[in-house]
Amino acid sequence: MQDPFKNQNDPDNQNQNQNPFSNLPLPPNYATVVNPENGQVRAAKVGISWTTLWFGPIPAMMRGDWYNFALMIVLDLIYFLGISMFNLQIGLPIPAIVFGMIYNLMYFRHLFNLGYQPADEHSKKILTQSRYWKE
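Note that numbering that gives the first Met the number 0 has the sequence shown beginning at 0, numbered continuously upward.
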């Protein structure tokens, strides 16, 4: 498959022999993490989660991120039950906006708690710059 992003993750292909995941055709704002225990690899965007903003907890379900999926469902229920209990006429989807801003951070932090680590130098750099990964 031809790389549509001109291999921006590793322009010189220096890490191709060291890390088999460094040649994935990913945009420059995506990071790849790997679990050294079982070899599972996850790639996700660093920054605002537009899919979570528009579709709520569905992206978490599609990623198999059941911890954050349950958290979003419970907090959405609390918010909407509170609005209906006090008869407030608020039309703002405040939980969707908040989760859209922080979901990718929550996803990566949960993966790090499960033992995942950045798969290559580009991922480590972008995760460190965005304050997702602490060295």
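Glycine residues also receive a C-beta, built at the ideal position from the N, C-alpha and C atoms. As the structure is a computational prediction, the values presented were derived from the model and not from experiment.
message = With a threshold of 7 angstroms on Cβ separation, who are the neighbours of W71 within its own chain once the five nearest residues in sequence on each side are excluded?
response = Translated into the one-based positions of the sequence shown, residue 71 becomes position 72. First, the amino acid is wrong: residue 71 is Met here, not Trp. Cβ neighbours of M71 beyond the five flanking positions: G55, P56, A59 and F98.
ask   = Is it right to say L87 is buried, meaning 16 or more other beta carbons lie within 10 angstroms of its own, or is it exposed?
value = Position 88 of the sequence shown holds residue 87. Answer is exposed; the Cβ neighbour count stays below 16.
request  = For M105, count neighbouring Cβ atoms within 10 angstroms of its own Cβ and tell me buried if that reaches 16, exposed if not.
outcome  = Here residue 105 is taken as the residue at index 106 of the sequence shown, counted from 1. Looking at its Cβ environment, which holds 16 or more other Cβ atoms inside 10 Å, M105 is buried.
inquiry  = So, at 6 angstroms on beta carbons, what are the nonlocal neighbours of V33 in its own chain, with the 5 sequence-adjacent residues on each side left out?
reply    = Here the question's residue 33 lines up with position 34 in the sequence shown. Cβ neighbours of V33 beyond the five flanking positions: V40 and A118.
key: Separation of G81 from I93, as counted between CA atoms   = Indexing the sequence shown from 1 puts residue 93 at position 94. Indexing the sequence shown from 1 puts residue 81 at position 82. For I93 and G81, the distance between alpha carbons rounds to 13 angstroms.
query = W115 by DSSP, collapsed to three states: which one?
reply = Sequence index remark: in the sequence shown, residue 115 carries index 116 (1-based). Residue identity differs from the one stated: residue 115 is Tyr in this sequence, not Trp. It is coil, neither helix nor strand.
inquiry  = Checking 8 angstroms against the spacing of the C-beta atoms, do N103 and G46 come in under that value?
reply    = Along the sequence shown, one-based indexing puts residue 103 at 104. Along the sequence shown, one-based indexing puts residue 46 at 47. Yes, they are a contact pair.
message = Among G114, L25 and K44, whose alpha-carbon lies nearest the alpha-carbon of D38?
response = By 1-based counting over the sequence shown, the position of residue 38 is 39. Residue 38 is actually Gly in this sequence, not Asp. That would be G114, whose Cα lies nearest to the Cα of G38.
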